[in-house]
Structures are given as structure tokens and as C-alpha cells.
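Below is one structure, written out as C-alpha cells, with a few remarks after it.
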Amino acid sequence: MTDFAATKALFHLPEGMIYLDGNSLGPLPKATAARVAQTVNDEWGEMVITGWNRAGWMAQPSALGDRIGRLIGAEPGHVVLGDTLSIKVYQALAAAIDLAGDRKVIVTDSGNFPSDIYMAEGLIKSLGRGHELRVVAPEDVANHINDDLAVLMLTQVDYRTGRLHDMPTLTQAAHAAGAVTVWDLAHSAGALAVDVAGSNADFAVGCTYKYLNGGPGAPAFIYVAPRHVDRCQPALSGWLGHEKPFAFDLDYRPGAGIERMRVGTPPVLQMAALDAAMDIWDTVDMAALRRASIALAEQFITGVEAACPMLTLASPRDAAQRGSQVSFRFADGYAAMQACIARGLVGDFRAPDIMRFGFTPLFIDAGDVGRAIAVIADVMQNRLWDDPVYQQRAAVT
Ligand SMILES: *Cc1c(COP(=O)(O)O)cnc(C)c1O
Numbered sequence: 045m046t047d048f049a050a051t052k053a054l055f056h057l058p059e060g061m062i063y064l065d066g067n068s069l070g071p072l073p074k075a076t077a078a079r080v081a082q083t084v085n086d087e088w089g090e091m092v093i094t095g096w097n098r099a100g101w102m103a104q105p106s107a108l109g110d111r112i113g114r115l116i117g118a119e120p121g122h123v124v125l126g127d128t129l130s131i132k133v134y135q136a137l138a139a140a141i142d143l144a145g146d147r148k149v150i151v152t153d154s155g156n157f158p159s160d161i162y163m164a165e166g167l168i169k170s171l172g173r174g175h176e177l178r179v180v181a182p183e184d185v186a187n188h189i190n191d192d193l194a195v196l197m198l199t200q201v202d203y204r205t206g207r208l209h210d211m212p213t214l215t216q217a218a219h220a221a222g223a224v225t226v227w228d229l230a231h232s233a234g235a236l237a238v239d240v241a242g243s244n245a246d247f248a249v250g251c252t253y254k255y256l257n258g259g260p261g262a263p264a265f266i267y268v269a270p271r272h273v274d275r276c277q278p279a280l281s282g283w284l285g286h287e288k289p290f291a292f293d294l295d296y297r298p299g300a301g302i303e304r305m306r307v308g309t310p311p312v313l314q315m316a317a318l319d320a321a322m323d324i325w326d327t328v329d330m331a332a333l334r335r336a337s338i339a340l341a342e343q344f345i346t347g348v349e350a351a352c353p354m355l356t357l358a359s360p361r362d363a364a365q366r367g368s369q370v371s372f373r374f375a376d377g378y379a380a381m382q383a384c385i386a387r388g389l390v391g392d393f394r395a396p397d398i399m400r401f402g403f404t405p406l407f408i409d410a411g412d413v414g415r416a417i418a419v420i421a422d423v424m425q426n427r428l429w430d431d432p433v434y435q436q437r438a439a440v441t
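Numbering of the sequence shown is given in our numbering, commencing with residue 45 and proceeding in unit increments.
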């Protein structure tokens, strides 16, 4: 069991704010500032370059990878950190395409996050071997798994609606058709229990600044199944993925296991921040987290629907089909979200009309959800959104 009142006390939350946006950028753990200061002062400041060995900086990408690995059901030694998620998508897809042999079709769905789709388009173009990206409706994915399929590349939880793909079933179908899978866990890692090993996933990637609370710019992670890792050829063959980086050989040879998925110098200060966040995650029982997240989301849906008939639920009603976020459609959703934010309730808006709220039991409880419902009811019932100040769009929504 996890004591979520205790974990809540470990976060700094701005005074008066109800933060239902931990699915987009997790809040600051109270221990982070001191941990980063320690890395800056005691390690960078005092050890300078010897910090790579003495402070263990070079080993951090795989040490932190293992701690994330527990949350996603990975075998130890098969997750490594680095770069941003877009880069990890590219790496995983490139390796998957290699494993898929002569097949040319990559299937993804229209609910995928655009960066994943853009990276796939760029990779296909630079390979120049006639691969085809098919972007199909999320509910149609299973119908496109056939003997042409090279790679099934999906994001498990839809960033807009929270719709959850059935990872074990789709992976099994893809394997039966002779295809390879790439799963993006951006909205799954830290949101619900994932079992990449039990699902037989081939590749998985995700980021650490959303549910994992690693801070803005925190590095991404990549998982490669043990059966593939020593066979896959890194497309991004940087020196830190080399078998012997410090031999400075002029020819590239992939490193052992997951180490080959490293590219260049790891972000040491960001990893210090993530390390503090993982101290909290190390104590969390993912089954308890899922139960708590479902209870919060159900409370929210019931309360908002009762108070706001003008909002339409965009997320699956069945909790088993949903990640850890709840979205409502409203034509003036941008303005309505701005009006909520002005009243201390922070969610976000995703074009064209989605008001999105994330449920993160580590620091959100039933009292917060009750207050959030009251703010939304006030904004919607009294048309508080219908004010020109809320129509001005900022660069980041
Ligand atoms: C958040 C997110 C990204 C962001 O990629 P970065 O390279 O970290 O900016 C990519 N893909 C998905 C599915 C996401 O949810």
C-alpha cells in the first residue's frame, strides 16, 4: 500500500493552485532543489571532471533506467535514459524497421502525438527504402495488422482523450502477423501499471517530465526487449553507445545490451532532479496508484457531468479503457480553461476543443477534485469564459 497523504507532503504545490496538469509537466518534489544544488556544488563544483566516475554520473542513465523499469514492468538492465522522447521514438522505430526485414508498412493511429508521426515521416524519408506510414483511426488499428505490417507504432494512452490501447492484445496480434511493436508510454509511465515484459513489447519509449516529475527538459527513456537488444543496430550511433567509448576507435561498434541506445553526454543536472523524483516513485505500489487514480477520475466525471451539461465527455467512460486523464469537449474550451486557470484550477487545452485534466494521486486528493469541480461549475454555469481576456492564445497551450 502507498500512503498518498504522505507522498503529497513531498511535493511543492503553488499556494492556492489545484494542479490537474501533472500529465503534462509534473510538479516540483520538495527534495529536488537540494539534490540539484548538491550535484552542482559538491559534484560539479568540487569534483569537476572526476564527477563522471566519482559521483557516478556516467552510470546514472542505466541506474535511473532500472528504477523507471520497475514502473513499466521491464527486466532489469533493459531501460536507459537520454535525449528527448522524439529522439527515442526515432531510435526505436529505426531499430524496429531493421528487425522487420523486407516489410514496408508502419501503422500508427491518428490519436498519436504528432511528434511521433513527424519523426516516423523523417526517418522514412532519410531511409529512402519505400516505407509507408499508415495513420489509421485508433479503433481501427487491429484491422490493419496483417502480413504487410512491418512495425506497429502506438502511443498507449491518447494524449487528448486518455483512450488506452490494449497493449498485450495488440502486441500479440502484431507478433502473430510477423510484425514488430514500438510502444510510446509518454502518458502511461507513472500513470498506470504497465507490463512491457509481460506484454512481450519489443520496444518502448517514454518521457520523465510528465507523470514522473523529473522537471522541464528531463531526459527520455527507451526499453528494448532482451531478445532483440544485442541484435539491434543503433541508427543514432553516438560515442556513448559504442562498445568502448574511451578507446576512441574510428569505427563504430555497438555497446553491450541497452547501453547501445545511448547517444551522447547525459544531462547530469536533469538526472539529479529526476533522481529526487524517483526516490518518491520507488515507494509507490502501482496497483494502489491505479486504484486511487480511477477513484479521482470517477469522482471528477460524476461531479462535472452533474454540474455542467454543456460539456461533453471526450474520454472513455469505462475506467478500464482510460489512462489517468479525463477530457471534456467544449467549443470555447480554450477560453473556459483560461477562466479556470485564472481561478487557480490548472488543466490544459488541446486543439481543437479539448479541456484536459490529469489525475495524479501522488499529490492530488479527493478534496482537490471537489474544489476543481466547483471551479468548473462556476466557470460554465456563469459563462465566466465569455470574456475577451480569456480568448488571447499564448504560445504554449
Ligand atoms: C509528450 C510527448 C512527446 C514529447 O516529445 P519530446 O521530444 O520529449 O518533446 C512525444 N510523444 C508523445 C506521445 C508525447 O506524449
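Note that beta-carbon positions come from the ideal geometry of N, C-alpha and C, so glycine has one too.
- In the three-state DSSP reduction, His-231 falls in the coil class, being neither helix nor strand.
- In the structure shown, His-286 falls within a strand segment according to DSSP collapsed to helix, strand and coil.
- When beta bridges are read from the DSSP output, Val-268 appears opposite Phe-247.
- In the three-state reduction of the DSSP assignment, Leu-167 falls in the helix class, which pools H, G and I.
- Not a single unbroken stretch of the alpha helix (DSSP H) spanning 4 or more residues falls wholly within the stretch 336-363.
- Residue burial annotation: Ser-371 is buried, with at least 16 other C-beta atoms found within 10 angstroms of its C-beta.
- Phe-401 carries a strand assignment under DSSP once its states are collapsed to helix, strand and coil.
- CA-CA distance, His-231 to Phe-265, rounds to 13 Å.
- In the displayed model, Tyr-203 falls within coil according to three-state DSSP, outside both helix and strand.
- In the DSSP assignment, Asp-392 falls within the unbroken beta strand (DSSP E) covering 392-394.
- Leu-143 has its CB no nearer than 7 Å to any heavy atom of ligand 1.
- Taking the C-beta atoms as reference points, Met-305 is found nearer than 8 Å to Pro-278.
- Checking the DSSP bridge columns, you'll see Asp-153 partnered with Val-180.
- Setting aside the 5 residues that flank it on each side, Leu-167 is surrounded in the same chain by Tyr-134, Leu-137 and Ala-138, each with a C-beta closer than 7 Å to its C-beta; the list follows chain order.
- The beta-bridge partner set that DSSP reports for Gln-369 consists of Gly-402.
- Residue range 123-125 is occupied by the beta strand (DSSP E) that includes Leu-125.
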